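Trainee: For what it's worth, the working numbering labels the leading residue of the sequence shown as 201, then goes sequentially.
Glycine included, every Cβ here is placed at the ideal spot set by N, Cα and C.
Only a predicted model underlies this, so the values are computations on that prediction, with no experimental measurement involved.
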Amino acid sequence: NDLKKAFLSFEDQLDAIQNKSGFNVLIRYQKLITNDKFKSVEHRVLANREGPRVSVASFFTTGLLPSSRVYGPIKELLSQHNSPLYRQTTVKDYVSYIYQHGLDGTSPLHLFRL
Numbered sequence: 201n202d203l204k205k206a207f208l209s210f211e212d213q214l215d216a217i218q219n220k221s222g223f224n225v226l227i228r229y230q231k232l233i234t235n236d237k238f239k240s241v242e243h244r245v246l247a248n249r250e251g252p253r254v255s256v257a258s259f260f261t262t263g264l265l266p267s268s269r270v271y272g273p274i275k276e277l278l279s280q281h282n283s284p285l286y287r288q289t290t291v292k293d294y295v296s297y298i299y300q301h302g303l304d305g306t307s308p309l310h311l312f313r314l
């Protein structure tokens with residue numbers, strides 16, 4: 201399918217090909233979990249020429265129940281020559297930043313940078 205409808209925004213824009221048979225998942229803080237191997241994305245939508253388009257932003261969490269689980273760079277991407285660029289963090293730390301700053305377009309990544 202060659203219909204190009206959505207754009208992913210990095211430092212420059214890359215076209216994403218529309219997938220009519222499924223959905224795309226964009227990971228906002230990919231930089232943290234991939235140790236800067238992949239850039240984080242911003243989601244933009246252009247109107248379809250055919251049919252409606254629905255775009256939903258969602259947080260999938262444990263309901264913010266107390267959890268000791270930490271998130272950080274994927275261990276398989278780290279090596280002696282590729283040390284972690286971000287510290288591990290919890291969902292609570294991340295959500296606390298969002299509550300303090302709102303959805304103003306700023307990223308909490310600088311808080312986790314080593």
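Between the alpha carbons of Lys231 and Gln300, how many angstroms are there, rounded?
Mentor: Their backbone Cα atoms lie some 22 Å apart in a straight line.
Trainee: Based on DSSP bridge pairs, tell me the residues matched to Asn282.
Mentor: In the DSSP output, where bridge partners are listed per residue, Asn282 has Ser279.
Trainee: Determine the direct distance from the alpha carbon of Asp293 to that of Pro308, and round the result to whole angstroms.
Mentor: Pro308 and Asp293: Cα-Cα distance of roughly 9 Å.
Trainee: Which term fits Pro273, buried or exposed, when burial requires 16 or more other beta carbons within 10 angstroms of its beta carbon?
Mentor: Buried, by the Cβ-count rule.
Trainee: What distance in whole Å lies between the Cβ atoms of Thr289 and Arg269, which are believed to be in contact at a cut-off of 8 Å?
Mentor: Actually they are not in contact, since the Cβ atoms of Arg269 and Thr289 sit about 10 Å apart, beyond 8 Å.
Trainee: Count the other C-beta atoms from every protein chain shown that fall within 10 angstroms of the C-beta of Phe238, then say buried if there are 16 or more, exposed otherwise.
Mentor: With fewer than 16 Cβ atoms within 10 Å of its Cβ, Phe238 is classed as exposed.
Trainee: Where do the ends of the alpha helix (DSSP H) carrying Leu314 lie?
Mentor: Run containing Leu314: none; DSSP gives neither H nor E here.
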